[in-house]
Amino acid sequence: MFNLKQFIEDCKGKPASAVKELIGEALHDPASVKAALDAEFAGRDLSKASIADLICYRSPTLTVLKAATPPKFKTPPHNHNMWAVIGTYEGQEDNTFYRRSGKGLEKAGGKDLKTGDVVVLGEDAIHAIANPLDRASCAIHIYGGDLLNFSGRSTWNPFTFEEHPYDINLLMDYCRQLMAQPSA
Ligand SMILES: [Fe+2]
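Using the numbering used here, the letters of the sequence shown correspond one by one to residues -5 to 178.
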């Protein structure tokens, strides 16, 4: 069985490559990861949860959170300025990657994470995530720093690729605008 407390202990002080191995191994049994994360948040209504509400562990060098994305959820491009490891344990999380280009961004590939898949994002990664399904998707996200330290981070207007200082209210506003768009 996946033990969340032990997993967090095992992640402490490790580089992204080792964390990828750890979560990759755990995701051979996605149902066990789901059971542990469900138990962690049992009895809590996550329908209006903020990022802070979904954090299982937070320190200056490590953040572990449950990324629960509603059906058809989409984020604008944003960065973290720290490495990240994403492992999907229920549903699907599509990642689009970007690189800086002139004053904006250009797309630089993507990875659709189906249940059991893991991806590593480098410190300078810029990504947007989307749940393409008609049901909620869940992933465990591990970051090599304090995710709630927003200083120096950016979010980008998903329609113009204009860069803005990271602001959770602006990011959520872009999420709502993206989800209001007719799907292509
Ligand atoms: Fe992200």
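The C-beta atom is built at its ideal place from N, Cα and C for all residues, glycine as well.
- Between residue 52 and residue 161, the C-beta spacing is not below 8 Å.
- Here residue 101 is bridged, per DSSP, to 92.
- In the DSSP secondary-structure assignment, residue 33 is not bridged to any residue.
- Note that the C-beta distance between residue 142 and residue 46 is below 8 Å.
- A contact is defined here as three or more CB-CB pairs under 8 Å, and the region 122 to 137 meets this definition with respect to the region 71 to 84.
- Here the C-alpha atom of residue 99 lies approximately 13 Å from the C-alpha atom of residue 118.
- Closest in C-alpha terms to residue 158, from the list 67, 115, 97 and -2, comes 97.
- Along the length of the region 33 to 62, whole beta strand (DSSP E) runs at least 3 residues long occupy 49 to 53, reported in chain order.
- Beta bridge pairing from DSSP links residue 108 with 86.
- For secondary structure counted as the beta strand (DSSP E) over 3 or more consecutive residues, the region 121 to 147 holds these complete runs in sequence order: 131 to 137.
- Closer than 7 Å to some heavy atom of ligand 1: that describes the Cβ of residue 123.
- Annotation: residue 3 is outside any beta strand (DSSP E); the continuous alpha helix (DSSP H) that includes it extends over -2 to 5.
- Looking only at 103, 12, 163 and 4, the smallest Cα-Cα distance to residue 148 is reached by 163.
- Under DSSP, the beta-bridge partners assigned to residue 157 are 150.
- If you ignore the 5 residues before and after residue 135, its C-beta comes within less than 7 Å of the C-beta of 59, 61, 78 and 80, all in its own chain and listed in chain order.
- By the C-beta density criterion, residue 174 is exposed, having fewer than 16 other C-beta atoms within 10 angstroms.
- CA-CA distance, residue 4 to residue 138, rounds to 13 Å.
- For ligand 1, no non-hydrogen atom lies closer than 7 Å to the CB of residue 158.
- When rounded, the separation of the alpha-carbon atoms in residue 9 and residue 116 is 11 Å.
- Bridge partners of residue 80 according to DSSP: 113 and 135.
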